[in-house]
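Last residue of the sequence shown? That's 411 in my numbering, and every number before it is there in order. Beta carbons are placed, not taken as given, at the ideal position from N, Cα and C, and that holds for glycine. In what follows, a structure is listed as C-alpha cells, so that the remarks can point back to it.
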Amino acid sequence: MSSLLETKIAARQHALREQGLLRQRKVLSVDRPLNTNASTSSPRFVFEGRAYVNFSSNDYLGLSRVPELADALHLGAQTYGVGSGASPLVTGYSDAHLALERELCDLTGHEAALLFCSGFSANTALMKTLFDQQDIVVADKLVHASIIDGLQDSGAQLKRFLHNSLESAERLLARNQTSALITESVFSMDGDCAPIAQLSALCRQHHAWLVVDDAHGFAVLDGYHNAEAAKLIDVQVVTFGKALGCQGAAVLGSQALIDFLVSNAREYIYSTALSPANAALALAATQYSTAHPELQQKLLENIALFKQLCREANVPLLGSDTAIQPLIIGDALQTLQVAEELRAAGIWVGAIRPPTVPVGSARLRITLTAAHAAEDIAACVAQLAQVLSRIGVPLVTERQAADDHR
6 MSSLLETKIA
16 ARQHALREQG
26 LLRQRKVLSV
36 DRPLNTNAST
46 SSPRFVFEGR
56 AYVNFSSNDY
66 LGLSRVPELA
76 DALHLGAQTY
86 GVGSGASPLV
96 TGYSDAHLAL
106 ERELCDLTGH
116 EAALLFCSGF
126 SANTALMKTL
136 FDQQDIVVAD
146 KLVHASIIDG
156 LQDSGAQLKR
166 FLHNSLESAE
176 RLLARNQTSA
186 LITESVFSMD
196 GDCAPIAQLS
206 ALCRQHHAWL
216 VVDDAHGFAV
226 LDGYHNAEAA
236 KLIDVQVVTF
246 GKALGCQGAA
256 VLGSQALIDF
266 LVSNAREYIY
276 STALSPANAA
286 LALAATQYST
296 AHPELQQKLL
306 ENIALFKQLC
316 REANVPLLGS
326 DTAIQPLIIG
336 DALQTLQVAE
346 ELRAAGIWVG
356 AIRPPTVPVG
366 SARLRITLTA
376 AHAAEDIAAC
386 VAQLAQVLSR
396 IGVPLVTERQ
406 AADDHR
C-alpha cells in the first residue's frame, strides 16, 4: 500500500507528463576536449552519442571554453585547494575572495561586494534579509523567481508594475511609501532590457532604492561594465555563470548594506563559501572579458545576423536586441514538439514551459553567443523555419506578446 507522499508524488508527476510540463535531466558530455581551438567553433555537446550545436546556453561570451581561464582555475586550485572548507565567517574567506570583490567594485563603482555560490542564493538572501513586514516593495511583473521567493520569505508587501512600464511604476511609487523598486537589466525569458536610467530617476524622486538583478546584462551590456553603474543603481546583483562562463554571484552596494548582510544574511552566514579557486577563476574571467571587447562585438554581430535571417525566413521574434531570442509558441506540447524536431536536425534549443513562463506563453528560448559560427546560425534559422512551416504552428507576434504583458 502506497504512503500518502508516494501517492501525491505519482499523481503530480502524471499530471505534469500529460500537460507536457514534466522536467527531466539529460546527461550531456563534451564534444571535444578543451584545447587551443575550442573557442573557434560553435559550442557543442554530445547527448546519447550524437553531437548538437548548443543554442540554449547562457555562456554569452564563450568564456567557459577559453583555455586561459581553464588555466586560471587550475592555478587557483593549486594555490588554494579545491574547496573553501568553511563558511565565510569561520575560515572560508580568503584573499582570493577579497580580490574578486575589489575588482567588481572597481568595475561598477560600488563601495562593497558580497560573494554567493549562485545568483539564486544571492537574490533570495538579499530580499529576505533587507526587507521585512514594514517594507513596501514594487517590482517588475517579470522579475526572476529567486526575487519573488525572497520577497515572500521577507514578509514585505509586494506590488507589481506592468512589465517595463514607467507609468505603472510611477503610479505605484506615488501611491506608496516604497522602500525599493526591483527590476532586471535583461529579462531572462523575453530578452528585453529595463529602462534603468528612467527607473533610477523615478526612485530618486520618490526616495526609494533601485535594485537591479544584472545576471544577464553584466559584462555584456554597455553601462554595466564600467564605474557608471553605481550612479544609477543602489544594489546590483551580478552572476558569474552567464557572460563570465563560470560559477557564483555577488551583491554590490554600499559598505553599510554589505556589512548588514554579513551580519544578518542566513544564506551567507551558514553556507560554505564559494571556493577560492572559483573566486580566482571569476576574477580572471572578469579581467579577460574587459581585455577582450571584441567578444562583445562578435556577440552583437551574431545577434544581428540571427535576427536578419529570421526576418528573411518570416520567423517572428519578440524584438529582443540581446542574446536571448524567444519565439513564443504558446502550447507546451507543441513547444516540445518543435524543440524535438530541431534536435533531430542536431540543433539544441531550450523549450520553456509553465511555471517558468505564464500558461499560454510556452516558447523556444534561443540564445546566441560570441562563439557561434555564422554557418551554424544560418542552419539553426533554416531548420527552425522548416519545422514551423511543416507543423503549422501559429506563432505569437511581438505586438501580441506586448499586449499580454499589459
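- In this structure, Val-267 sits away from Asp-239, with a CB-CB distance that is not shorter than 9 Å.
- In the three-state reduction of the DSSP assignment, Gln-139 falls in the coil class.
- By the neighbour-count criterion, in which a residue is buried when 16 or more other Cβ atoms sit within 10 angstroms of its Cβ, Asn-128 is buried.
- Val-242 sits close to Ala-220, with the two beta carbons spaced by under 9 Å.
- DSSP, reduced to helix, strand and coil, places Gln-29 outside both helices and strands of the structure shown, so it counts as coil.
- For the set Leu-237, Ala-284, Lys-133, Gly-196, the Cα lying nearest the Cα of Lys-312 is the one of Gly-196.
- Ser-259 has its alpha-carbon roughly 44 Å from the corresponding atom of Asp-36.
- Counting C-beta pairs with one atom in each stretch, the stretch 56-69 and the stretch 244-253 have three or more that are closer than 8 Å, which means they touch.
- Annotation for Gly-81: the continuous alpha helix (DSSP H) segment containing it runs 72-85.
- Three or more beta-carbon pairs separated by less than 8 Å are not found between the stretch 287-304 and the stretch 334-345, which leaves the two stretches without contact.
- Contiguous alpha helix (DSSP H) elements confined to the stretch 158-208 occur at 171-180, taking only those with 4 or more residues.
- The continuous beta strand (DSSP E) containing Tyr-57 extends over residues 55-59.
- The C-alpha of Leu-27 lies about 18 Å from the C-alpha of Ala-150.
- Distance from the CA of Asp-100 to the CA of Val-51, rounded to the nearest whole angstrom, comes to 38 Å.
- Annotated three-state conformation of Arg-49 is strand, per DSSP.
- Buried is the label assigned to Met-194, since at least 16 other Cβ atoms lie within 10 Å of its Cβ.
- Scanning its chain for C-beta atoms nearer than 8 Å, with the 5 sequence neighbours on each side dropped, one finds around Thr-340 the residues Gly-25, Ile-334, Ala-356, Ile-357, Arg-358, Ala-367, Arg-368, Leu-369, in chain order.
- Under the three-state reduction of DSSP output, Gly-124 falls in the helix class.
- By the neighbour-count criterion, in which a residue is buried when 16 or more other Cβ atoms sit within 10 angstroms of its Cβ, Thr-84 is exposed.
- Following the DSSP letters along the chain, one finds Leu-310 inside the alpha helix (DSSP H) bounded by residues 298-317.
- Rounded to the nearest whole angstrom, the C-alpha separation of Ala-344 and Gln-330 is 14 Å.
- Annotated as proximal: Ala-118 and Leu-257, with beta-carbon spacing under 9 Å.
- Taking Glu-116 as the centre and dropping the five residues before and after it, the same chain places the C-beta of Ser-259, Gln-260 closer than 6 Å to its C-beta, in chain order.
- Taking the Cβ atoms as the reference, Ala-130 lies roughly 4 Å from Ala-270, within the contact range of under 8 Å.
- Three or more Cβ pairs closer than 8 Å define a contact, and the stretch 178-185 meets that threshold against the stretch 142-149.
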